[in-house]
Amino acid sequence: KMARLLFLRYLVILNYSYLITSLASAQTPPAYNCSTQPSEAYTPITLTNNAGLSLSFIPYGGTVNSIMFNDVDVVLGFDDLSQYCANDEHPYFGAIIGRIANRIANGSFELNGNLYETPINEPAPDGGDDTLHGGFVGFDRRVWDVTKSNATSAELKYESPDGEQGFPGDLAISVTYSLDEENTWWIDYTATAGDMDTVVSLTQHTYWNLNGCDEDVTEHILQMPGALAYVDVDEYLIPTGCFTDVTDTPWMDFTDSKSIGADITCGTVAEGGGYDNAFVYTNWIPGETRSVAQVMSPLSGIAMEVLSDQPSLQFYSGNGLDGTLPQKSDQNGDTGGVYEHWGALALEAQHFPDSVHHQGDPNWPSVILEAGGVYHQRTGYRFSLP
156 KMARLLFLRY LVILNYSYLI TSLASAQTPP AYNCSTQPSE AYTPITLTNN AGLSLSFIPY
216 GGTVNSIMFN DVDVVLGFDD LSQYCANDEH PYFGAIIGRI ANRIANGSFE LNGNLYETPI
276 NEPAPDGGDD TLHGGFVGFD RRVWDVTKSN ATSAELKYES PDGEQGFPGD LAISVTYSLD
336 EENTWWIDYT ATAGDMDTVV SLTQHTYWNL NGCDEDVTEH ILQMPGALAY VDVDEYLIPT
396 GCFTDVTDTP WMDFTDSKSI GADITCGTVA EGGGYDNAFV YTNWIPGETR SVAQVMSPLS
456 GIAMEVLSDQ PSLQFYSGNG LDGTLPQKSD QNGDTGGVYE HWGALALEAQ HFPDSVHHQG
516 DPNWPSVILE AGGVYHQRTG YRFSLP
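Residue numbers 156 to 541, in our numbering, belong to the letters of the sequence shown in order.
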């Protein structure tokens, strides 16, 4: 009897130790092994059109490090390209995001009756115990193969195996960056599922400042004419399952042009205000690429139009930028050489956040990709001057 009790006690201790180890591994970033990445990981590739637009990216994360238009570098990043790996505090600057962009509540979801657990990289108390942007080692921290390139386009590929970051099934992803002569940066995504159903929602996480970071973006003028609602979220940015009409919350209404800073302190997603919201396009037609947003810097005169075939645009006002990350050397403006609070905005075309928990709801487009199925997405950023 004593031996049985000791054995049961051993099992309890073993299971407790396993639980603690599992929780720690779910919430602790892994070693990124930045010094042992292949030599090409941080080697920049530059695309240039004939109309004055150039874009530079690296294979690590498919990360866009520079976009030059009218002699202004309009994206945030690092001079030292290895920092996209080594700096684990950088907020997804310029990277491809997947398998699932945005948040997965509780770091788990069900598919076909099976429970899948993904890394909790936004743990409580600061986060909501959720998975953000695919986990600790999402597509932003993978080295992509550049399989084709010429002066104006490049194709990047990555093979994501079954079980990577907890997601089911193999997934083969191809992303093409291209520049046209209308000064549009096009991003064309294709993902093909293997022999299992999986989930997928991709995006690109470039941070924009159209005045080259000479000032923050609160004076940028933003319009999202078709964004008639937004996804309601809790204090941890997890969707409640409801949509809110922008006419009921005027500070969220960008159907007419207004400065980003006009109502920014009314936002509730961060202390002191700010935006980090998925805006809903109620007239969305799957597969149809249309204009979804326009933003302009009064300081530089540079305007950018966003074109997309996605049902949602996540607007983020750089709430997490806190003056600790250095600006690139070609952006040392009046902000002290650092990326300051509200110093950039992101406009991420994607499916709704936490869509994995709303499958079957007719108001939530599906992120399920069936075995052998092919996912397509297209987003463009078009630059112009008055």
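Virtual Cβ for every residue (Gly too), placed ideally from N, Cα, C.
Spatial neighbours of residue i in its chain, beta-carbon cut-off 7 Å, leaving aside the 5 residues before and after
i    : result
F291 : P184, P185, P274, N276
P193 : V298
D389 : T395
S333 : T307, S308, W341
G427 : T420
G456 : L540, P541
I259 : T273, D285, T286, D509, V511
V230 : V219, S221, I222, G249, T361, Y362, W363
S521 : Q514
F409 : L377, Q378, M379, A382
Cβ neighbour criterion (16 or more within 10 Å) applied to residue i
i    : result
T402 : exposed
G527 : exposed
H245 : buried
T358 : buried
S412 : exposed
S177 : Reliability fails at S177, whose pLDDT of 38 lies under 50, so the model's placement of it is uncertain and the value that follows must be treated cautiously. Looking at its Cβ environment, which holds fewer than 16 other Cβ atoms inside 10 Å, S177 is exposed.
T534 : buried
E265 : exposed
L365 : buried
A306 : exposed
E337 : exposed
I440 : exposed
T286 : buried
P453 : exposed
L480 : buried
N204 : buried
L270 : exposed
E370 : buried
G478 : exposed
P405 : exposed
D228 : buried
A196 : buried
G318 : exposed
C240 : buried
G268 : exposed
The beta strand (DSSP E) enclosing residue i, as first and last residue numbers
i    : result
Y344 : 339-348
H531 : 529-539
N432 : 431-436
T404 : T404 -> no beta strand (DSSP E), and no H or E assigned at all.
D300 : 300-304
E310 : 308-315
V450 : 445-451
T503 : A quick correction: the sequence has Glu, not Thr, at residue 503. 501-505 is the span of the beta strand (DSSP E), which, as asked, contains E503.
S510 : Note, S510: premise wrong, no beta strand (DSSP E); not H, not E.
V461 : 458-463
T201 : 200-203
M223 : 218-224
A327 : 326-334
Range of the contiguous alpha helix (DSSP H) that encloses residue i
i    : result
Q238 : 238-241
beta-carbon residue i near the ligand FMN non-hydrogen atom, thresh 6 Å
i    : result
P185 : In the structure shown, the ligand FMN is absent, as is every other ligand, since no ligand is present at all.
Cβ shell of residue i (< 8 Å), same chain only, five flanking positions each side left out
i    : result
G442 : D464, H531
D350 : G324, D325, A526, G527
I523 : L266, D352, T353, V354, Q514
F294 : G216, G217, A250, I251, I252, G253, R254, Y313, S315, I328, L357
Beta-carbon proximity list for residue i, same chain, < 6 Å, skipping 5 on both sides
i    : result
T347 : A327, V529
R254 : G289, F322, V355
T444 : L462, D464, R533
Y430 : G422, F470, S472
S221 : S211, D228
H375 : I415, V450, S452
Okay, do the stretch 446-456 and the stretch 368-386 touch, 3+ Cβ pairs below 8 Å being the bar? Judged by pairs of C-beta atoms under 8 Å, the stretch 446-456 touches the stretch 368-386, as three or more such pairs exist.
In the stretch 354-393, which residue ranges form an unbroken beta strand (DSSP E) of at least 3 residues, counting only runs that do not cross its ends? Listed in chain order, they are 376-378, 382-388.
When the Cβ atoms of the stretch 430-439 are set against those of the stretch 330-343, are three or more pairs found closer than 8 Å? With the cut-off at 8 Å, the stretch 430-439 and the stretch 330-343 do not touch.
Runs of beta strand (DSSP E) wholly within the stretch 235-275 (minimum 3 residues, chain order): Entirely contained in the stretch 235-275, the beta strand (DSSP E) runs reaching 3 residues are, in chain order, 263-266, 269-272.
Measuring CB atoms only, is the stretch 501-512 touching the stretch 474-486, in the sense that at least three cross pairs come out at less than 8 Å? Too few Cβ pairs lie closer than 8 Å, so no.
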